[in-house]
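Q:
There are 2 protein chains.
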Amino acid sequence: MSRLGIIAGGGALPVALAAADPTAHCVAFAGAEVALPEAQVERHRLERLGALFDALRAAGVSRVVMAGAMMRPELDHSALDPVMLSLMPRLAQAMQGGDDGLLRLVIALFEEQGFAVIGAHELLPDLTAEPGLLVGDQVTETTRGDIQRGRAILDALAPVDVGQGCVVAGGLCLGVETLQGTDALLDFVAATPDHLRGERRGVLIKRPKAGQDLRVDMPAIGPDTARRAARAGLEGIAIAAGGVVLLDRPELLTTLRDRGLFLLAEP
Amino acid sequence: MSRLGIIAGGGALPVALAAADPTAHCVAFAGAEVALPEAQVERHRLERLGALFDALRAAGVSRVVMAGAMMRPELDHSALDPVMLSLMPRLAQAMQGGDDGLLRLVIALFEEQGFAVIGAHELLPDLTAEPGLLVGDQVTETTRGDIQRGRAILDALAPVDVGQGCVVAGGLCLGVETLQGTDALLDFVAATPDHLRGERRGVLIKRPKAGQDLRVDMPAIGPDTARRAARAGLEGIAIAAGGVVLLDRPELLTTLRDRGLFLLAEP
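Going down the list, the sequences are from chains A and B. Using our numbering, you'd call the opening residue of the first sequence number 28 and step up by one each time. Using our numbering, you'd call the opening residue of the second sequence number 28 and step up by one each time.
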């Protein structure tokens, strides 16, 4: 098997991938927050994508996996290398749209350079959940209604490339995930005034967008998601089986159990 | 012309309606925050909707207008009158869905009791905006792109009955309005971390949902919206001509102008 390159972003996922494949070559963009030891990470500037491609090839990499939260880049246009200059029209167009358009372009760029782009869930199948109730005893009919409504909201948003998550409580949508991510969504829900929310608890529905390429930007939840969901008063989290990364799985499940939240994975 | 009944909620709109028609009979539900003098408002309990209908008829009211922000009711089921008891199956179903479903039901209930339900914008046509740039000199192509994207997002959400507003900045969706309203949306956008947002400013897009009945829950903006939009770093607000109430219009326009924000009304 040829050498794996990990394009690392924030969070626990790149760490798990690097641990699973000690021969992997880890790179990250300048300025990106990465939880790997800095000595283990080769830094590249996004403005010099050509140099990144060359370095990956020099390291014997032919397969790459992108993992972890990546920031939207601010480009220093005076520092672009020839490869990046030639890509600017495509990049500029993709950056006007949602995340998916940009990420599809990034995949295409690596593939055009001869790299195979694979998904973290293909390398670590245990990352995602099997269908079923992973934590909790049962889910009421009302809660099932909320989950269905959340899925309908996410499905409606997929064509406009928004939303890997939302919160629904007693039929009411209390928040839609946008650029700021799941943590910000849950903190927003936690701040809902009592007179609007009443006794409603609610569910975080977290799924890949319909038609999303899982090779980049897979949705993920972890122990911090569980803690914030509990602080937001939710009764549980509903995810897509096989489609959402469970970060720090043992701690995630324990945290949910300790706080009385369910975790349901649906096809 | 028969007497007008104003079912008053929060904000400036019921005040403007009452000022425009001194003969109007103002009612509000117990617990609702209303900016009218309390002596001018007859209070009713939602649990006793039958008594409200009777009181309106006794006051000679045959046309009603619902105006201002209304909270989702928490019903005391031990206090329901016969009319409300008979309505519970329909209410319970409507309350599982979005706001529109509930509000359509409320309109239907008044109509079934023989009242004509009219919209605030029909009584006060000057409440809404004519098409055009009301404040500001011009709108750039990038900004027009953001407005288009915002409209596409709202259109996508209309079938699932979510969203009278969203914020888009440089192609990125920074927030979708949910139950908590426009102010909460703008405060959420204001808290977006710099590393995600970069130099992007963005636009608040505020429109009725496609197909929404404007007789209840018309979207509204006012001076406070303008101040919060400025604090959120936005460059302007794009609304639906004829479809969004402008509260305290002179102060709204002055506030926008002073802070350098545009206001664009599109058909």
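Each residue gets a CB set at the ideal place from its N, CA and C atoms; glycine is no exception.
Which whole-angstrom value is the C-beta distance of Val162 (chain B) and Leu290 (chain B), which I expect to be below 8 Å?
A: About 4 Å separates the Cβ atoms of Val162 (chain B) and Leu290 (chain B), confirming a contact at the 8 Å cut-off.
Q: For a contact defined as C-beta to C-beta under 9 Å, what are the partners of Ile174 (chain A) on chain B?
A: Near Ile174 (chain A) there are no residues of chain B at all, since even the closest Cβ is about 13 Å away, more than 9 Å.
Q: How is Asp70 (chain A) classed by DSSP in three states: helix, strand or coil?
A: The sequence given here has Arg at residue 70 (chain A), not Asp. Residue state, collapsed to three classes: strand.
Q: If I measure Cβ to Cβ from Leu283 (chain B) and keep anything under 6 Å in the same chain, skipping five residues before and after, which residues do I get?
A: Val162, Ala253 and Leu290
Q: Can you name the residues that DSSP bridges to His52 (chain A)?
A: A:Gly32
Q: Report the rounded CA-to-CA distance for Ala51 (chain A) versus Gly198 (chain A), giving the unit in angstroms.
A: 46 Å
Q: Identify the continuous beta strand (DSSP E) that holds Phe289 (chain A) and give its terminal residues.
A: Phe289 to Glu293
Q: Measuring only between beta-carbons, confirm whether Ile264 (chain B) sits less than 7 Å from chain A.
A: no
Q: So for Arg12 (chain B), helix, strand or coil by DSSP?
A: A question about residue 12 (chain B) goes unanswered here, because the residues of chain B that appear run from 28 up to 294.
Q: Check the DSSP bridge columns for Gly37 (chain B) and list the partner residues they point to.
A: B:Ala96
Q: Contact between the segment 265–277 of chain A and the segment 202–219 of chain A is defined here as three or more beta-carbon pairs at a separation below 8 Å; is this criterion met?
A: no
Q: Over what stretch of residues does the beta strand (DSSP E) that includes Leu161 (chain B) continue unbroken?
A: Gly159 to Val162
Q: Three Cβ pairs or more, each shorter than 8 Å: is that satisfied between the segment 135–148 of chain A and the segment 234–244 of chain A?
A: yes
Q: Within 10 Å of its beta-carbon, does His104 (chain B) have 16 or more other beta-carbons around it, so buried, or fewer, so exposed?
A: exposed
Q: Would you call Asp164 (chain B) buried or exposed, if buried means 16 or more other Cβ atoms sit within 10 Å of its Cβ?
A: exposed
Q: Let me confirm a value: Ala218 (chain A) is counted as buried when at least 16 other C-beta atoms fall within 10 Å, else exposed. Which label applies?
A: exposed
Q: Consider the Cβ of Cys53 (chain B): report whether some Cβ of chain A lies at a distance smaller than 7 Å.
A: no
Q: Please report the residue range of the alpha helix (DSSP H) in which Val110 (chain B) lies.
A: Per DSSP, Val110 (chain B) belongs to the alpha helix (DSSP H) from Pro109 to Met122.
Q: Note down the Cα distance separating Val194 (chain B) from Ala135 (chain B), rounded to an integer number of angstroms.
A: 33 Å
Q: What span of residues does the alpha helix (DSSP H) with Ala257 (chain B) cover, start to end?
A: For Ala257 (chain B), the enclosing alpha helix (DSSP H) covers residues Pro250 to Arg258.
Q: Does the pairing of the segment 29–43 of chain A with the segment 88–97 of chain A give three or more beta-carbon distances under 8 Å?
A: Inter-segment contact for the segment 29–43 of chain A and the segment 88–97 of chain A is present: three or more beta-carbon pairs are separated by less than 8 Å.
Q: Going by DSSP, what residue range makes up the beta strand (DSSP E) through Ala267 (chain B)?
A: Gly263 to Ala267
Q: Closest Cβ-Cβ distance between Phe215 (chain A) and chain B: below 7 Å?
A: Residue-level contact check: Phe215 (chain A) touches chain B, since one or more beta carbons of chain B fall below 7 Å from its beta carbon.
Q: Are the Cβ atoms of Leu40 (chain B) and Ile33 (chain B) separated by less than 7 Å?
A: no
Q: Indicate whether Ile264 (chain A) and Leu231 (chain A) have their beta-carbon atoms separated by less than 7 Å.
A: yes
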